[in-house]
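What follows is a set of notes on a single structure, which appears directly below.
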């Protein structure tokens with residue numbers, strides 16, 4: 012039988028609340044046998060925590076009295092073991108869970124915690140568990156004292172674990188004084204959590220202390236909000252707090268605080284001004300609030316702040332009127348109250364009326380050099396002459412021309428026009444005289460002032476005075492300066508202003524003499540400030556006074572001043588006027604002028620001059636000279652205008668020399684023009700030859716044009732040729748047409764760029780890359796797609812064989828002995844070449860006379876053993892050389908009866 016020894020333990024030496032039964036514990040026999048190994052191990056190692064923990068773990072399902080007794084024995088032997096105490100206390104708390112808090116078992120557990128703290132007073136976990144256990148028992152005072160003991164016992168580095176639970180405890184109960192005192196202690200350790208304290212003060216309605224704390228936070232520059240608020244947000248909260256609770260916040264100087272914010276946060280003035288006014292309104296100081304609003308709208312510099320303040324001001328006045336009307340309706344009307352109500356209504360109406368002017372003042376405070384806003388301000392004072400004069404005076408004194416936004420001279424001009432409209436001409440002249448002495452940023456501003464000054468005199472019919480003013484403006488100053496020399500004042504540069512000189516020239520033409528006007532124009536040219544329009548005006552002026560040679564000299568001076576393209580208008584007018592004046596009397600001089608104009612003329616402007624030149628030659632010169640001019644024009648104009656020039660050339664040549672003369676022109680056009688226009692020229696050329704009865708020539712032109720006509724892209728050409736052969740050809744010519752068509756098609760199919768152009772033409776609605784033509788095959792290479800499409804097109808062309816009634820058959824043979832065949836073919840071609848303009852020989856009338864030897868040679872080569880994949884004989888037709896793997900090179904065509912021949916020896 013086992014019994015607990017009580018030696019060394021008397022009632023006085025036991026911890027408070029600890030007691031054991033005097034009678035020994037008598038376990039049953041089975042339990043004794045199970046506990047025996049653990050007891051023996053404890054006897055051998057009484058100071059081993061592991062041994063005790065194994066024993067405790069074994070007895071987890073034993074009665075709680077037995078388990079507690081083992082814990083008591085363990086902590087008696089090892090009172091400094093945190094592990095034993097922690098598990099023991101947790102076990103004791105678990106045992107009383109679910110019981111009433113007035114049960115004595117709770118007090119025993121509390122005593123157990125107290126005994127543990129004798130040894131574990133440096134362990135914050137024990138303190139936290141004990142405090143939480145007391146909080147669950149709702150023992151407020153004992154819990155608070157335990158928290159205080161924990162803070163005194165633990166080192167300061169462990170206090171951050173205690174304070175959150177402590178604060179949660181004091182916020183749990185309606186004990187504001189205790190909570191405030193606890194928070195004050197807490198902020199000494201963690202001042203960065205002042206926002207939490209402020210929120211708590213707001214919740215318990217201690218707004219005065221909350222405002223004091225918030226003001227201290229705002230004034231501390233190093234404070235960083237844990238809630239992520241900026242210093243301005245904290246300041247705004249302070250302003251709202253003190254302005255909305257003036258009766259509860261009495262420890263702070265509200266006016267000084269908000270004005271400090273006005274100087275600190277200049278981008279948020281509107282809210283701060285409204286907060287200050289709101290404070291006085293809630294305090295009942297309405298006149299002070301009105302003064303604050305007036306000061307605000309006179310000092311804010313942004314439209315947003317002005318809008319906030321003005322809306323709040325208007326709402327305040329409206330609420331005052333509503334309150335007064337409600338009071339009057341309840342208490343009855345009296346004379347004084349009626350006067351007060353009328354005064355408030357008038358004040359409100361005046362505020363609404365002043366809004367545009369107040370807003371304009373805000374914009375001018377934002378940028379006092381904004382000329383446009385000054386003009387708007389003058390319009391706001393419409394009907395108030397004195398205010399307008401004061402505004403203009405303030406504007407011209409405030410605006411700095413170097414910093415002005417807009418044109419500062421318009422203020423002076425408008426100021427002078429105001430006096431002029433009120434028939435105060437002398438005052439207007441005074442304003443203009445002052446305006447001419449202002450140092451503007453641009454010369455053009457001063458020039459505008461002088462011009463407006465002169466126009467005012469003209470409006471009042473003071474013509475001599477206007478001339479005097481403009482002559483004074485254009486007088487050479489004592490110190491000359493370049494027009495764009497910004498280091499010099501504008502007064503020293505205005506004498507080169509074209510605007511003033513142009514107006515002076517107009518006035519001299521209207522009011523002055525011929526000599527004075529001519530002197531003005533000459534002076535403009537000498538200063539090198541003339542424009543092409545000035546030159547033309549000068550020449551027209553001289554022409555009106557019948558000084559034709561002088562006018563031509565003016566044109567010459569203008570031409571010397573300018574280069575292309577600026578000189579184009581001068582040349583155009585000069586040549587037109589010269590031609591109209593002299594016609595063919597001075598033909599050589601006119602030709603020299605045209606040649607001089609065309610020397611260095613850009614292609615963009617050459618067309619008009621060439622047409623004038625050709626017209627001169629047609630009307631007064633020689634026809635061959637005109638043709639030469641047209642020929643030069645076709646080469647000198649832009650590529651986009653060459654087609655039009657060739658059309659004019661052909662038309663004029665046909666009218667002058669006849670249709671046959673146009674052959675060489677057509678030849679040049681076909682050579683020079685791009686394929687699109689060249690095809691059209693070929694068709695027109697062939698049609699002309701057909702009308703002239705030159706069928707062979709027309710057929711040769713069609714054959715030549717076929718080399719640039721892909722049958723799939725330009726089917727209209729092949730249809731036209733087919734119709735021509737139907738009308739004028741025979742079986743052989745039609746067979747040759749079809750052969751050439753297949754050959755051209757095969758040529759285009761073997762070249763990637765032609766194939767891609769055909770595919771894009773066929774799929775004109777497709778956009779992007781070639782891969783767009785084959786949806787669903789984005790992984791394939793674009794070149795493979797082109798090859799597939801080419802094979803499909805070749806297969807289609809093979810199926811589209813034309814079968815006539817005579818059943819024309821085409822036989823393919825294998826060829827070899829190429830040198831002999833090519834030699835014979837070239838010799839026959841050279842014999843048949845004739846000049847382009849020569850008449851066709853008798854041999855040429857036979858369309859295929861030279862083709863018979865080729866067919867015979869073709870038969871001789873039928874037995875060749877060496878096959879050729881593809882053989883294209885390099886025979887020239889119209890100087891076109893066709894080779895097996897090269898593009899087509901064209902040169903000016905000549906007639907030939909030998910057609911280039913293509914023979915395929917593929918199977």
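In the working numbering, the protein residues as written are 12 to 918. Glycine residues also receive a C-beta, built at the ideal position from the N, C-alpha and C atoms.
Is it right to say residue i is buried, meaning 16 or more other beta carbons lie within 10 angstroms of its own, or is it exposed?
i, result
"residue 166", "exposed"
"residue 524", "exposed"
"residue 654", "buried"
"residue 569", "buried"
"residue 326", "exposed"
"residue 157", "buried"
"residue 753", "buried"
"residue 495", "exposed"
"residue 116", "exposed"
"residue 556", "exposed"
"residue 91", "exposed"
"residue 708", "buried"
Excluding sequence positions up to five away, which residues of its chain have a Cβ less than 8 Å from the Cβ of residue i?
i, result
"residue 458", "484, 505, 508, 510 and 511"
"residue 89", "58, 60, 63 and 95"
"residue 299", "291"
"residue 217", "187 and 191"
"residue 65", "49 and 52"
"residue 874", "Its pLDDT being 39, under 50, residue 874 is placed unreliably by the model, and the measurement read from it follows with that caveat. The answer is none, since no qualifying residue turns up."
Are the beta-carbon atoms of residue i and residue j separated by less than 8 Å?
i, j, result
"residue 223", "residue 263", "yes"
"residue 439", "residue 423", "no"
"residue 253", "residue 268", "yes"
"residue 451", "residue 412", "yes"
"residue 313", "residue 377", "yes"
"residue 127", "residue 100", "yes"
"residue 735", "residue 712", "no"
"residue 230", "residue 260", "no"
"residue 164", "residue 132", "yes"
"residue 200", "residue 170", "yes"
"residue 203", "residue 237", "yes"
"residue 419", "residue 410", "yes"
"residue 572", "residue 620", "no"
"residue 755", "residue 714", "no"
"residue 176", "residue 142", "yes"
"residue 297", "residue 336", "no"
"residue 681", "residue 675", "no"
Beta-carbon of residue i versus every beta-carbon of chain B: anything under 8 Å?
i, result
"residue 501", "Among the protein chains of the structure shown there is no chain B, as only one such chain exists."
Below 6 Å CB to CB, which residues in the same chain sit around residue i once its five sequence neighbours on both sides are set aside?
i, result
"residue 172", "135"
"residue 960", "Limits of the chain in this structure are 12 at one end and 918 at the other, which puts residue 960 out of reach."
"residue 225", "209 and 249"
"residue 234", "228"
"residue 53", "62"
"residue 78", "70"
"residue 82", "99"
"residue 138", "161"
"residue 492", "499, 503 and 504"
"residue 239", "none"
"residue 348", "339"
Enumerate in chain order the residues of its own chain whose CB-to-CB distance from residue i is below 7 Å, with the five nearest sequence positions on each side excluded.
i, result
"residue 285", "319, 320 and 323"
"residue 462", "510, 511 and 514"
"residue 748", "732, 733 and 736"
"residue 153", "145"
What distance in whole Å lies between the Cβ atoms of residue j and residue i, which are believed to be in contact at a cut-off of 8 Å?
i, j, result
"residue 671", "residue 656", "Residue 671 to residue 656, Cβ: 21 Å. No contact."
"residue 373", "residue 311", "6 Å"
"residue 477", "residue 518", "6 Å"
"residue 112", "residue 148", "5 Å"
"residue 627", "residue 601", "6 Å"
"residue 604", "residue 589", "6 Å"
In chain order, what are the residue ranges of uninterrupted alpha helix (DSSP H) at least 4 long that sit wholly in the segment 621-705? Annotation: the segment 621-705 contains the following complete segments of the alpha helix (DSSP H) (minimum length 4 residues), in chain order: 634-647, 650-667, 673-683 and 686-702.
Length at least 4, wholly inside the segment 160-221: the alpha helix (DSSP H) runs in chain order: If only uninterrupted alpha helix (DSSP H) runs of at least 4 residues are considered, those enclosed by the segment 160-221 are 170-183, 187-200 and 205-214.
Completely contained alpha helix (DSSP H) runs for the segment 571-601, where each covers 4 or more residues: 579-593
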